[in-house]
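Notes follow once the structure below has been shown.
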Amino acid sequence: MLTFKRHYHIPWREIEKKAVVVSVKDNEVVVFNEVGTEIWKFIKSERKINEIVNQVLSLFDSNKKTVKKDVESFLKDLQEREMLDVKQEIKS
Amino acid sequence: MSSRKLKVNIAGLSVLLEVDTREGYMMLEEWLEDYKNDTDPDFTLHFFHEEERFKLGFEGNLQGSSDEIIQMSVKMGHIDYQNRYAMGPDAAMINKELARFLFSNSLRIVVQYVLPKFGGVLIHASAVADNGKSYVFIGPNDGGKTTIAQNTGRVILSDDCIGLNRFEGGWNACATPWGNIHNYGLYPISGIFFISKSDRLESARVDKLTAVKKLFSNICTSFPSSQKHTSEIMENILSILEQVCCKIPAYNLWFRKDDNVFDEIIRRF
Chain Y
2 MLTFKRHYHI PWREIEKKAV VVSVKDNEVV VFNEVGTEIW KFIKSERKIN EIVNQVLSLF
62 DSNKKTVKKD VESFLKDLQE REMLDVKQEI KS
Chain C
16 MSSRKLKVNI AGLSVLLEVD TREGYMMLEE WLEDYKNDTD PDFTLHFFHE EERFKLGFEG
76 NLQGSSDEII QMSVKMGHID YQNRYAMGPD AAMINKELAR FLFSNSLRIV VQYVLPKFGG
136 VLIHASAVAD NGKSYVFIGP NDGGKTTIAQ NTGRVILSDD CIGLNRFEGG WNACATPWGN
196 IHNYGLYPIS GIFFISKSDR LESARVDKLT AVKKLFSNIC TSFPSSQKHT SEIMENILSI
256 LEQVCCKIPA YNLWFRKDDN VFDEIIRRF
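For the protein sequence lines, the chains are Y and C, in the order given. Per this note's numbering, residue 2 is the first one in the first sequence, and the count goes up by one each step. Per this note's numbering, residue 16 is the first one in the second sequence, and the count goes up by one each step.
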């Protein structure tokens, strides 16, 4: 199972309830919507995808299938922008 | 080795420039005449000429940042222009141009790197001063920054690169020596305008979040450093821009080439 955590060195601020995140790789600022902002804050520590999906479902009115698809797409985008630490969870 | 020293202030940063040739010193003095300042320097930049190579050095007390500066100095320290020297009667002139290019770019890179640590940023913009206030115009290359500034008939702080820095509690636009037109001065900012050429004169207020994003994309950045160090600077820059956009109103401004934009700005804002 993979875990996801935002890179500690990515500069960001919350402005008007939206995460304004610097893509150091692309040298630009990316503004997340409300859902993206909540995910970004939630992945301060390592999270599995089902934890992220459940967090989104607890905050927004949507169905699980749609949320899972959106979360996967969002995480893929973060990974491409080198904003994300992705690890294989080590089972003890 | 004897050297000559010149103290200047650019966008609130005091810089001691040290050069080892009379010609280099005279070039800097001529270029930076209006920026001379006698305050204690925040850092020192050395330009030395050695065996047909320019060497750049840096000294400064930046509280925990010396490793970044050392990295930068190492990367920038041996800029080799020897293959680009011209031979023949034009050599002196071309060498002077090359030296000016090197001085100008080195100083700009260092200032844009160091300034955020002192609470300011360099930004691609023109700015004009009027009645003790300044107005900042931001747009793409050939987007009208110079045109709009010239049409105002006011003092142009710069037509290409300005500093944003905080003085006496307010955000100021500061002249910088980069750009074709620049006049030394710093003035509290009344408004920031993101300009676009159009067939009409129109304006619309920009929300804070959009303003931060637009400003960020116009920040002068070419950091010769690692991702970790770049991230720290970006963090500073983001914080500065948020503060600027909290205090200064920003607008989209569409204009026609011959519009007297400034009178319209004064009338509308």
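Don't be surprised by glycine CBs; every beta carbon is placed ideally from N, CA and C.
Using a Cβ-Cβ cut-off of 7 Å (strictly less than) and excluding sequence neighbours within five positions of Y:Arg7, which residues of its own chain qualify? Trp41, Ile44, Lys45, Met84, Leu85
Apart from the five residues just before and just after C:Gly184, which ones in its own chain have a Cβ nearer than 7 Å to its Cβ? none
Out of curiosity, what's the CA-to-CA distance linking C:Ala26 and C:Leu60? 16 Å
State the DSSP-derived secondary structure class of C:Asp280, mapped to helix, strand or coil. Just to set this straight, residue 280 of chain C is Ile in the shown sequence, not Asp. In this structure, C:Ile280 counts as helix in the three-state DSSP scheme.
Under 7 Å between beta-carbons, which chain Y residues line up against C:Glu257? List them in chain order, please. Arg14, Ile16
What is the DSSP secondary structure of Y:Ser46, reduced to helix, strand or coil? coil
If we count the other Cβ atoms within 10 Å of its Cβ and call it buried at 16 or more, is C:Ala190 buried or exposed? buried
Here's a check: name, in chain order, each residue in its chain whose Cβ is nearer than 7 Å to the Cβ of C:Asp53, leaving out the five neighbours to either side. Lys22
Bridge partner(s) assigned by DSSP for Y:Arg7: Y:Leu85
Pick from C:Phe231, C:Trp269, C:Cys261: whose alpha carbon is nearest that of Y:Lys31? The sequence given here has Val at residue 31 of chain Y, not Lys. Of C:Phe231, C:Trp269, C:Cys261, the residue nearest in Cα terms is C:Phe231.
CA-CA distance, Y:Val22 and C:Gly200? 33 Å
Confirm, please, whether the CB-CB distance from Y:Val87 to Y:Thr1 is below 9 Å. Only positions 2 to 93 of chain Y appear in this structure, which leaves residue 1 of chain Y out of reach.
Taking C:Arg169 and C:Val143 to be in contact with their CB atoms under 8 Å, please state how far apart those CB atoms are, rounded to whole angstroms. 4 Å
Using alpha carbons as the reference points, say which of C:Val129, C:Ile153, C:Ala164, C:Asp157 lies closest to C:Asp145. C:Ala164
Does Y:Asn28 come within less than 9 Å of chain C when only Cβ atoms are used? yes
With 9 Å as the threshold, decide whether the Cβ of C:Met41 is near any Cβ in chain Y. no
Rounded distance between the beta-carbons of Y:Leu58 and Y:Lys65, thought under 8 Å: 6 Å
Among C:Ile171, C:Asp55, C:Ile210, which residue has its Cα nearest to the Cα of C:Asp157? C:Ile210
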